[in-house]
Amino acid sequence: MDPIVIEMEITKLIVGYVSWFFFSLTLSFISNSLYSEMLTGTFEQLCLTGTSVQSIMFVRFLVAALQNILTMVPFTIILLLSTGIRLHLSIEMLWVFLILMIGILGLSFF
């Protein structure tokens, strides 16, 4: 096989694995957060506040996504250094990532 084709395949695998790991962590955050609050009895207090539950959970989602990004960056760097692959990030990839974030947010709320 051509080395360029091999590098592209490895790049696809790395991007797929990192995004799967990131989105699975982010998707499970809101449901686990709500479940733990229901178990501890603080969900009722959250509902009684003046702020809507959706806006509180949205901010928590953004914080969890940022934490997951900060977790995934060193992991991705280690993967890239160990394989010797360079990722060529583009603006289109950022748009795809943001669209996926909107989808994950919708899936975790409903």
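Just so you know, we're using the working numbering here: the sequence shown kicks off at 1367 and counts up by one. Positions of the beta carbon are idealized from the N, C-alpha and C atoms, including for glycine.
A straight-line Cα-Cα distance of about 22 Å links L1464 and L1446.
Distances from the alpha-carbon of I1468 to those of E1375, S1456, I1435, F1424 put F1424 closest. Contact between the stretch 1385-1394 and the stretch 1425-1436 is present, with at least three C-beta pairs closer than 8 Å. Under the 8 Å Cβ criterion, the stretch 1395-1407 does not count as touching the stretch 1444-1459, having fewer than three qualifying pairs. With a threshold of 16 other beta carbon atoms within 10 Å, I1372 falls short and is exposed. For the 7 Å CB-CB criterion, T1377 and I1457 do not form a contact.
Annotation: the continuous alpha helix (DSSP H) that includes M1423 extends over 1419-1449. One Cα belongs to P1440, the other to W1386, and the distance between them is close to 16 Å. Here I1470 is buried: its Cβ has 16 or more other Cβ atoms, across all protein chains shown, within 10 Å. In this model, F1409 and V1462 are separated by some 33 Å (Cα to Cα).
The alpha-carbon of T1437 is positioned some 15 Å away from that of I1380.
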